[in-house]
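Taking it in order: structure first as structure tokens, then the write-up.
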Amino acid sequence: MSSLNASLATALSGLTADQDALAATSNNVANANTPGYSREVPVLVTGNPIIEDPLTFGSGVSVQSIESIRDPILESQIAQETQTQGQLNSLVSALSETQVNFTSSSGDIGTDITNFFSSVNQLSTNPSDLSLRQGVLTAADNLATAFNTTANNLTSQVTSLNQNVTQTVGQINQLTTQIAQLNGQIANLENVGESAGSFIDQRTQAIDQLSSLVDVSQIQSGNNELTLTTAAGTALVAGQQSFQLTTQPVASGAEDIFSQGTDITSTIASGQLGGILEARDQQIPAIQNQLDTLAAGLANSVNGVQTAGYDLNGNLGTDLFTPPPTSITGAAASLSVAITDPSLIAASSDGTVGSNGNADAMYALSSQNIVDGQTPNTYYSSIVFNVGNAVSNATASQTASGLVLQQLNDQNSAVSGVSLDEEAANMIQYQQAYAASAQVVTAINDMMYDVINMNTLTT
Amino acid sequence: MRINPDILPDLLAALNDNQQQINDDLEQISSGRSVNQPSDNPAAAAALVVNADQTSQANQFLSSISTVSGELQSADSTLNSVTTALQQAISLGVEGANGTLNASDQQALAVQVQGIQSQLVNLANLAYQGNYVFAGTATSTPPYVLDSTSSSGVTYQGNSGVNSITIGNQYTVQTNLPGSQLFSSSSNNVFQAIQDLITGLQSGNATAISTAVGELTNASNYIDQQRVFYGNTISQLNAQTTYLNSETTQLSQQQNTLGAANMPAVISNLESAQVSRQATLESMSNTLQNNLFNYLR
């Protein structure tokens, strides 16, 4: 036979459990807009039964735990896709900046190549005319300036990407430190059997941020601690210890990334850092190399023709452009016009002032395959294509990855997001249950009163 | 199944895409071009570089043609004057060969022919924009000077150089004939013929005069033949001008096809983007405020 006191205890457990459940609801509502927050659900369990032969009575309810609802697989997919997104974001932003140099304008290299050859063609109509000769020198100057400007823009872009590398590494270090601390807090709570939900939320959020910066792979260890490495295996966080990355300029002038003395620059493939490195170490150097090839091919061919002809004074021509370095590296940045006296342009093929044979030969270069098997302008157009294509491909991937990420976030939010409708419904539910339990307490109270006053009633 | 309770990020992403579309459309409308940067269409951007180069080249060829055309016209009409002068000399020679003339009449004719000789030297020293047209490539010095010690009465100071200019893709034309070929070639020397006539008239030698008249007739025919070069070149230049003009038209059509914005399409895109933006905004403002809490009393 059950006692009234036992029933009172059961009703009390209902009141407590509903209060706790309402606390979870309240926390959910409060955090409805907190980034990274996973909704919490009270885990209600029924109390152990009390057996009084032949009957078995329930002993009420208790909140076993407040559980954060999350899908670790989805979360790691999000982290993964965030790396790709971070990489593409920084790549697109870097390449878009590069692309500005190759957008057609009055001062772009293509236009200036055309103008240079036009001025040479014009000179061939009147080879002794000093103003036409000056026109060739001016056009050559403009061409050299266009090469210099573009090359310098690319160099300063590389410099600012180096600064980005340093800043990003700083952010990575800050996040790994934070994650290591959170690992400690989570372990401490879990060791004493507490739920570390909100710390795990914070850590998940930090890992997402870290994933947007660098490629991260996660290894779950005991006590819900995480070990984080880069995809290539460089340790970032092991339990409660974080491993700081450092940057240091190397011989090429680039800021390389070191972990405990080892240069890991080439192993970083994704995240914002991966994108910056791809732009800095691959895409932009490839464009610089093409510019150098173009500048060197053009300058060498023009010089070759120029030194085979005769200037206005009947002397053998000298280089029009300062000879580019034999390695061609830096040819675009250093391209300059070697002569200032327009009479030194070797338009004549035989030393007479009226001969235009050499000017015509110089003009003919415009349609000869003098740059890597292509004409100067076709070669330039292929640079424009390459740059445009790189931006366009990266942008398309960025959009695709953005959609995937959005989809994953939607799925994750379906699992972990706070629904205010749901919380309102829960609130009503707990409120009503609380009221019912309170009614039970009142009823038991009345019954107790009856029992206590039983004697009084009979007398 | 639980559904995503927070649609705000998706809606914001949609609004973002929408705004991007509107920005792109506005850029195309304001610039009139669909390729505003290489990534808009890499292949078209590269083709536009080549197109711009070809257009500039075609315009340059037109400019070069117009420059040399002037010189060629001027040379051609000068050669016409040379023929006229030679015809005058021939009629003076024919007159001088007539046996009825006395020595002083012949002397007077000789003086007239000397006048024609200086006129021819002047014509052969034609300068166009400061350059001597018939001096070969030695264009800074007058090609012919009178020289009594020379058998032809003149000395040629030019050379036999010729110039060519490029007026099309792999298309070059020769733009001059040197005086050594036109006026003083070994077989048809205009100045030798004139000098022979002067000498014949001065000495009153009828045979010599007749021979000189024959030489002059040959020389005049020869000049006419050489003039064909100028006529041909001028008509080549004219034909090439016509071709280049139609090429620039084609290139500009190609440029439009490659890079011009399709205005009706862009404007209708813009309108639909605006409508969809409007609709998204309105539905956001209507639905986002609604949840069960609003209905609890």
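So the protein lines, in turn, are chains A and B.
Our numbering applies: residue 53 is where the first sequence begins, and numbers increase by one.
Our numbering applies: residue 1098 is where the second sequence begins, and numbers increase by one.
By construction, the Cβ of each residue, glycine as well, lies at the ideal position given by its N, Cα and C atoms.
Please name the residue, chosen from A:Gly222, A:Asn429, A:Asp412, A:Thr256, that lies closest to Ile238 of chain A on a Cα-to-Cα basis.
A:Thr256
Rounded to whole angstroms, what's the CA-CA distance from Gln223 of chain A to Asp462 of chain A? Just pull it up for me.
27 Å
So that I know if they touch, is there some Cβ in chain B lying closer than 9 Å to that of Asn438 of chain A?
yes
Between A:Asn83, A:Thr62, A:Ala82, which lies nearest to Gly112 of chain A when the distance is taken from Cα to Cα?
A:Thr62
Between the beta-carbon of Ala411 of chain A and the beta-carbon of Ile422 of chain A, is there less than 9 Å?
no
Report the neighbours of Ala466 of chain A on chain B: residues whose CB is nearer than 7 Å to its CB, in chain order.
Arg1099, Ile1100, Asn1101
Pro1139 of chain B: contacting residues in chain A (beta-carbon distance under 7 Å)
Phe437, Gly440, Asn441, Ser444
Candidates A:Gly110, A:Leu417, A:Ala76, of which the one nearest Ser55 of chain A by Cα
A:Gly110
Thinking just about the alpha-carbon of each residue, which of A:Val152, A:Ser247, A:Ser264 is nearest to the one in Ile118 of chain A?
A:Ser247
What do you reckon, are the CB atoms on Val266 of chain A and Thr220 of chain A nearer than 9 Å?
yes
Would you check if there are 3 or more beta carbon pairs closer than 8 Å linking the segment 170-190 of chain A to the segment 385-396 of chain A?
yes
Can you tell me which of the three DSSP states Phe109 of chain A falls into?
strand
Cβ distance (whole Å) where Gln1211 of chain B is taken to contact Ile1295 of chain B below 8 Å
6 Å
If we define contact as Cβ-Cβ less than 9 Å, is Glu474 of chain A a contact residue for chain B?
yes
Any C-beta of chain A under 9 Å from that of Thr1384 of chain B
no
Pull up the distance between the alpha-carbon of Asn1228 of chain B and that of Thr1330 of chain B, whole angstroms please.
19 Å
Check whether the Cβ of Asn1266 of chain B lies closer than 9 Å to any Cβ atom in chain A.
yes
Any beta carbon of chain B sitting closer than 9 Å to that of Asn178 of chain A?
yes
Quick check: Arg122 of chain A and Val467 of chain A, are their CB atoms within less than 9 Å of each other?
yes
Could you tell me which residues DSSP pairs with Asn1286 of chain B in its beta bridges?
B:Ser1281
Starting from the C-beta of Leu1189 of chain B, find all residues in its chain whose C-beta is less than 7 Å away, skip the five residues before and the five after it, and write them out in chain order.
Leu1206, Gln1209, Val1210
Which term fits Arg1099 of chain B, buried or exposed, when burial requires 16 or more other beta carbons within 10 angstroms of its beta carbon?
exposed
Inter-residue CB distance, Ser148 of chain A and Ile328 of chain A (contact presumed, cutoff 8 Å):
With a Cβ gap of about 14 Å, Ser148 of chain A and Ile328 of chain A do not count as contacting.
Flag this pair as touching only if the segment 1370-1386 of chain B and the segment 1098-1114 of chain B have three or more C-beta atom pairs under 8 Å; answer yes or no.
yes
Please confirm if Phe169 of chain A has its CB atom under 9 Å from at least one CB of chain B.
yes
Cβ shell of Thr508 of chain A (< 8 Å), same chain only, five flanking positions each side left out:
none
Is it true that the CB of Pro1239 of chain B sits closer than 9 Å to the CB of Asn1222 of chain B?
yes
Would you please verify whether the beta carbon of Pro1361 of chain B is less than 9 Å from any beta carbon of chain A?
no
Please list, in chain order, the residues of the segment 56-89 of chain A that have any C-beta partner in chain B closer than 9 Å.
Val81, Ala84, Asn85
Skipping 5 residues on each side, what residues in its chain have a beta carbon closer than 6 Å to that of Gly11 of chain A?
Nothing can be reported for residue 11 of chain A: it is not among the residues displayed for chain A, which extend from 53 to 511.
If you count every other CB in all the chains shown that lies within 10 Å of the CB of Asn1342 of chain B, and 16 or more means buried, which is it?
exposed
Name the DSSP beta bridge partners of Arg1197 of chain B, please?
Correcting the residue type first, residue 1197 of chain B is Thr in the shown sequence and not Arg. DSSP lists no partner for Thr1197 of chain B.
Please return the same chain residues whose Cβ sits closer than 7 Å to the Cβ of Gly406 of chain A, not counting the five positions on each side in sequence.
Pro179, Ser180
For Gly425 of chain A, count neighbouring Cβ atoms within 10 angstroms of its own Cβ and tell me buried if that reaches 16, exposed if not.
exposed
Have a look at A:Phe154, A:Thr218, A:Ile316, A:Leu297 and flag the residue whose alpha-carbon is nearest the alpha-carbon of Glu307 of chain A.
A:Thr218
Among A:Leu346, A:Pro124, A:Ser263, A:Asn80, whose alpha-carbon lies nearest the alpha-carbon of Ser379 of chain A?
A:Leu346
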